[in-house]
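K.L.:
Protein chains in written order, with the working numbering: chain U, 3 to 301; chain C, 256 to 668.
Idealized CB from N, CA, C, for every residue including glycine.
Keep in mind it's a predicted model, so treat the numbers as computed, not measured.
Sharing a structure with you now.
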Amino acid sequence: MTLQLQHVVKKYKDFTAVNDLNFTIGTGEIFGLIGQNGAGKTTTFRMILDLQDQTAGSITWEGTPIKKINRDWLGYLPEERGIFPQMKVEEQLYFFGHLRGMDRTELKKEIDFWMNRFDLEEKRNDKAETLSKGNQQKVQLIASFIHQPKFLILDEPFSGLDPVNRDLLKNAILFLKEKGMTILFSSHQMDNVEELCDHLCILKRGVSLFSGSLLDLKKQYGKTKLTIRTDVHQEDLAKMAGVKEVKKVRDEYVLTLMDESFAKPIFEVVSNGSYIEKFSLDYLSLDEIFKEKVGGEHA
Amino acid sequence: MRKFSILLKQLYFQKLRSKSFILMTLLYVAAITVFMFWSDIKAIFVNEEDALEVAVVNETTVDLESIFNSTDDVNFSFPTESIETLHANVKEGNLDAVVLIAEENENLSADIATYTPLKLNDQSTISSLIQYAGKIYGIGNLNLSAQDADRILNSTPNVTMTNLNETIAGGKSEDEKQAGMWVSYLAGIVIYFFIMAFLSMITTDVATEKGSRALEMLLVSVKPSTHLQSKIFGVFLLALTQMAIIFGVLIAYVVFTDDGAKWTMVQSVIDELSITYVLYVLGFLVLTIFLYLIIGALFGSLVSKPEEASQVMTPAIMIPLIGFYVMLSGIGNPDTLLIKIFSYIPLTSGMVMPMRIGATDISAIEPILSFLVLILSVVACYLLSLSFYKRSVLTYSSGGLIQKIKTVLKVTT
Chain U
3 MTLQLQHVVK KYKDFTAVND LNFTIGTGEI FGLIGQNGAG KTTTFRMILD LQDQTAGSIT
63 WEGTPIKKIN RDWLGYLPEE RGIFPQMKVE EQLYFFGHLR GMDRTELKKE IDFWMNRFDL
123 EEKRNDKAET LSKGNQQKVQ LIASFIHQPK FLILDEPFSG LDPVNRDLLK NAILFLKEKG
183 MTILFSSHQM DNVEELCDHL CILKRGVSLF SGSLLDLKKQ YGKTKLTIRT DVHQEDLAKM
243 AGVKEVKKVR DEYVLTLMDE SFAKPIFEVV SNGSYIEKFS LDYLSLDEIF KEKVGGEHA
Chain C
256 MRKFSILLKQ LYFQKLRSKS FILMTLLYVA AITVFMFWSD IKAIFVNEED ALEVAVVNET
316 TVDLESIFNS TDDVNFSFPT ESIETLHANV KEGNLDAVVL IAEENENLSA DIATYTPLKL
376 NDQSTISSLI QYAGKIYGIG NLNLSAQDAD RILNSTPNVT MTNLNETIAG GKSEDEKQAG
436 MWVSYLAGIV IYFFIMAFLS MITTDVATEK GSRALEMLLV SVKPSTHLQS KIFGVFLLAL
496 TQMAIIFGVL IAYVVFTDDG AKWTMVQSVI DELSITYVLY VLGFLVLTIF LYLIIGALFG
556 SLVSKPEEAS QVMTPAIMIP LIGFYVMLSG IGNPDTLLIK IFSYIPLTSG MVMPMRIGAT
616 DISAIEPILS FLVLILSVVA CYLLSLSFYK RSVLTYSSGG LIQKIKTVLK VTT
């Protein structure tokens with residue numbers, strides 16, 4: 003394992019921000035850290051980045067305490083957006099690259115590549131403050147990994163991006179993964195997490211509710227999401243055994259089952275004399291699991 | 256060290272190219288130019304007036320013509336016409352004044368007749384000449400020989416200073432004190448103006464980086480201590496650059512204008528200064544600027560956005576202002592209790608202690624003690640700032656300075 007957090011605790015005077023946090027991230031893996039605002043995600047990132055000391059526990063990178071590794075192996079995109087407002091885009095990227103020990107030739111190659119990929123070629127000589135919010139975000143993102151770190155942390159990388167730029171970013175993250183970069187990121191958009199992550203950790207008020215693979219998480223809940231397109235009435239579906247909830251979404255019914263085993267009897271009842279256009283049994287989406295796990299108490 | 260140098264270069268060249276730095280430097284150069292060429296500039300804007308025409312009528316038996324020498328401002332003549340005719344000339348505007356000098360009860364009396372009142376300067380010039388004439392007249396009445404009269408007028412006492420306090424190694428001459436006073440004022444003014452300009456620069460710079468969140472990205476690869484050091488040394492280098500430009504221009508003006516007359520004057524001041532004194536002044540100057548830069552960086556790390564920088568800077572700006580006024584109060588007497596106290600306070604000693612060293616006879620231990628206090632304060636302030644900086648640069652809060660400090664302590668301990 004590349005990054006390992008063991009029993010990590012961060013306490014302030016009268017408040018525990020992170021409590022007994024444990025997770026591991028494998029080499030070249032994309033790991034999602036999800037939780038509501040104030041769950042302790044940014045604090046966890048800062049502890050991993052050695053920007054804050056943990057109160058207890060250990061954080062290691064390939065067995066070495068994180069404090070002792072070469073800091074140039076790390077890349078970080080903070081949650082709040084911003085770069086040097088007065089500096090030109092290209093100048094900015096050269097500055098961050100030089101700071102991370104890259105020479106001009108290497109940097110030029112990387113900058114050319116990413117400027118082109120993120121459609122920023124024409125903005126090279128513009129001051130950062132003159133760019134749109136989305137473009138500033140792209141420049142900041144490039145600055146965070148221009149030095150090709152081994153481990154990249156992205157705090158809410160998708161927030162504020164339009165769908166086109168979100169796809170650009172998603173593809174870039176997958177590209178970096180292919181190059182062997184280990185990536186840890188947080189997001190409130192669960193579809194992005196579901197699409198990109200191999201493993202994840204759900205935090206609630208500093209406590210880990212789950213840590214492991216996405217599939218394992220889904221298996222915990224089983225295939226309890228049944229989507230039916232039929233002429234059977236909603237009230238009749240709601241009365242069937244094992245049905246917790248029925249929602250009508252456009253021309254379909256989405257049933258939440260108590261257990262996967264109730265699907266078969268439902269199919270038999272519905273198919274008996276009724277027309278079935280669609281009958282699909284799926285795992286819950288991450289968004290639904292998240293709401294169930296985290297949102298319950300707050301809702 | 257590599258990262259320190261990259262951060263330092265980035266800050267230095269970015270600020271060096273900034274409009275504010277260029278304008279500020281040009282403003283200083285313009286102010287020096289105006290100061291150095293004030294008489295020429297004044298001549299352009301103020302019409303040159305003709306010299307005052309003053310007729311002197313001497314009714315005494317003593318020869319006074321050699322006393323009333325004409326200058327660029329006053330032209331003295333000694334007409335033989337009657338006083339009535341001369342008064343008529345004054346009325347007609349041919350003369351500006353008539354000075355009638357006569358004997359009265361073995362004393363000299365003078366009457367200055369004008370039609371348009373004289374300007375204060377001209378009146379003072381004429382009055383002082385009349386007073387001198389009075390002395391000559393008085394000596395003449397004593398029937399003294401020319402040598403005796405000369406001895407009375409030109410005798411100067413030979414004053415020596417003896418200090419019985421053994422802790423004070425040799426008193427300074429008046430010239431030395433005068434030179435010390437000039438240099439200490441210069442040092443005080445330099446400290447004051449540079450603190451005002453560069454304290455604001457470092458505070459705003461750190462606040463801007465923090466506010467833009469660029470600091471969070473930087474601190475992943477750079478230790479907070481390296482970042483703090485790069486800010487302090489970067490801004491200090493800028494201050495040195497500006498100082499070099501300003502003093503370069505000043506020295507060029509002094510050396511190459513007035514056929515070197517100003518340079519001769521400056522050299523006479525420099526000749527009176529000891530190496531130890533110059534080293535003290537430089538030491539106090541450098542350390543005081545450093546101390547304020549450390550405080551400025553710390554204050555910058557406390558705010559959440561650059562707009563708040565001026566709010567936290569106010570207390571830091573008030574202190575050099577107080578020091579500056581205390582220094583100015585030393586013009587009359589540089590040996591007051593107030594000055595003695597402020598010469599030991601680290602934030603003001605840089606402005607006040609050089610004055611005490613240069614313009615008073617203080618024991619050698621006092622400046623050493625004050626300098627040590629300043630060194631210790633710089634070190635302590637640096638260590639304290641560093642420890643606080645690590646925690647405050649990533650803490651965002653609202654409220655006043657005290658509230659911000661409280662928040663940092665609350666969320667980081």
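Give me the DSSP bridge partner(s) of residue 363 of chain C.
P.N.:
C/358.
K.L.:
Can you tell me whether residue 493 of chain C is buried or exposed, with buried defined as 16 or more other CB within 10 angstroms of its CB?
P.N.:
By the neighbour-count rule (16 or more Cβ atoms within 10 Å), residue 493 of chain C is buried.
K.L.:
Can a CB atom of chain U be found closer than 8 Å to the CB of residue 461 of chain C?
P.N.:
Not an interface residue.
K.L.:
Which residue or residues does DSSP assign as beta-bridge partners of residue 283 of chain U?
P.N.:
Residue 283 of chain U is bridged to U/228.
K.L.:
Is the segment 29–37 of chain U touching the segment 162–182 of chain U in the sense that three or more CB pairs, one from each, lie closer than 8 Å?
P.N.:
Contact holds: three or more Cβ-Cβ distances are below 8 Å.
K.L.:
Quick check: is the beta carbon of residue 301 of chain U nearer than 8 Å to any beta carbon in chain C?
P.N.:
With a pLDDT of only 37 at residue 301 of chain U, under 50, the local geometry of the prediction cannot be trusted, and no value is derived from it.
K.L.:
Can you pull the chain U neighbours of residue 261 of chain C, defined as C-beta to C-beta under 8 Å?
P.N.:
In chain order: 97, 100, 101.
K.L.:
Tell me the residue span of the alpha helix (DSSP H) that contains residue 379 of chain C.
P.N.:
Where residue 379 of chain C is concerned, the enclosing alpha helix (DSSP H) stretches over 375–396.
K.L.:
In terms of alpha-carbon separation, which member of U/156, U/22, U/207 lies closest to residue 199 of chain U?
P.N.:
When only C-alpha atoms are compared, the closest one is U/156.
K.L.:
Rounded to whole angstroms, what's the CA-CA distance from residue 291 of chain U to residue 223 of chain U? Just pull it up for me.
P.N.:
Approximately 8 Å, taken between the alpha carbons.
K.L.:
Quick one: is residue 78 of chain U near chain C, going by C-beta distance under 8 Å?
P.N.:
Cβ-Cβ to chain C under 8 Å: yes for residue 78 of chain U.
K.L.:
Which word fits residue 299 of chain C, buried or exposed, when buried means at least 16 other C-beta atoms lie within 10 angstroms of its C-beta?
P.N.:
So residue 299 of chain C counts as exposed.
K.L.:
Which residues in the same chain have their Cβ closer than 8 Å to the Cβ of residue 479 of chain C, if we skip the five residues on either side of it in sequence?
P.N.:
Hits under 8 Å: 641, 644, 645, 648.
K.L.:
Run the CB neighbour count on residue 230 of chain U, radius 10 Å, all protein chains shown included, and call it buried at 16 or more, exposed below.
P.N.:
Buried.
K.L.:
Hey, how far is the Cα of residue 328 of chain C from the Cα of residue 373 of chain C?
P.N.:
Their Cα atoms are separated by approximately 12 Å.
K.L.:
How long is the line joining the alpha carbons of residue 299 of chain U and residue 281 of chain U, rounded to whole angstroms?
P.N.:
In this prediction, residue 299 of chain U has a pLDDT of 47, which is less than 50 and means its spatial position is unreliable; nothing more can be read from the coordinates.
K.L.:
Cutting at 7 Å between CB atoms, please list the residues of its own chain near residue 52 of chain U, excluding the five before and the five after it.
P.N.:
Closer than 7 Å at the Cβ level, and outside the excluded window around residue 52 of chain U, lie 68, 69.
K.L.:
Report the three-state DSSP secondary structure of residue 147 of chain U (helix, strand or coil).
P.N.:
The answer is helix: DSSP assigns residue 147 of chain U an H, G or I state.
K.L.:
Please compile the residues from chain U whose C-beta is within a distance smaller than 7 Å of the C-beta of residue 474 of chain C.
P.N.:
Ordered by position in chain U, the residues that pass the 7 Å Cβ test against residue 474 of chain C are 53.
K.L.:
Which residues does DSSP pair with residue 26 of chain U in a beta bridge?
P.N.:
Partner(s): U/6.
K.L.:
If you scan the segment 68–100 of chain U from start to end, which runs of the beta strand (DSSP E) of 3 or more residues do you find wholly inside it?
P.N.:
The qualifying runs are 76–79.
K.L.:
Please confirm whether residue 435 of chain C and residue 612 of chain C have their CB atoms less than 8 Å apart.
P.N.:
In contact: residue 435 of chain C and residue 612 of chain C (Cβ atoms closer than 8 Å).
K.L.:
Check whether the segment 276–285 of chain C and the segment 63–82 of chain U are in contact - that is, three or more C-beta pairs closer than 8 Å.
P.N.:
In short, these stretches do not touch, since the Cβ pair count stays below three.
K.L.:
In three-state DSSP terms, what is residue 214 of chain U?
P.N.:
Residue 214 of chain U: strand per DSSP, three-state reduction.
K.L.:
Could you give the distance in angstroms between the alpha-carbon of residue 630 of chain C and the alpha-carbon of residue 542 of chain C?
P.N.:
About 7 Å.
K.L.:
With a threshold of 7 Å on Cβ separation, who are the neighbours of residue 504 of chain C within its own chain once the five nearest residues in sequence on each side are excluded?
P.N.:
Result list for residue 504 of chain C: 284, 287, in chain order.
K.L.:
Quick one: does residue 73 of chain U have its CB under 8 Å from some CB of chain C?
P.N.:
It does: the Cβ of residue 73 of chain U has a partner Cβ on chain C nearer than 8 Å.
K.L.:
How long is the line joining the alpha carbons of residue 524 of chain C and residue 98 of chain U, rounded to whole angstroms?
P.N.:
Answer to the nearest angstrom: the Cα atoms are 50 Å apart.
K.L.:
Could you work out which residue in C/361, C/429, C/309 is closest to residue 384 of chain C when comparing CA atoms only?
P.N.:
It is C/309 whose Cα lies nearest to the Cα of residue 384 of chain C.
K.L.:
Under DSSP, the alpha helix (DSSP H) around residue 188 of chain U begins and ends at which residues?
P.N.:
Segment 184–188 is the beta strand (DSSP E) holding residue 188 of chain U; no alpha helix (DSSP H) there.
K.L.:
8 Å is my cut-off, CB to CB: does residue 432 of chain C come that close to chain U?
P.N.:
Output row for residue 432 of chain C: interface = no.
K.L.:
Please report the distance separating the alpha-carbon of residue 247 of chain U from that of residue 131 of chain U.
P.N.:
About 50 Å.
K.L.:
Taking Cβ to Cβ, would you say residue 662 of chain C is nearer than 8 Å to residue 561 of chain C?
P.N.:
In this structure, residue 561 of chain C does not lie closer than 8 Å to residue 662 of chain C by Cβ.
K.L.:
Can we say the segment 13–26 of chain U touches the segment 38–45 of chain U, given the rule of at least three CB pairs closer than 8 Å?
P.N.:
Contact holds: three or more Cβ-Cβ distances are below 8 Å.
K.L.:
What are the start and end residues of the alpha helix (DSSP H) that includes residue 111 of chain U?
P.N.:
Here the alpha helix (DSSP H) through residue 111 of chain U covers 106–119.
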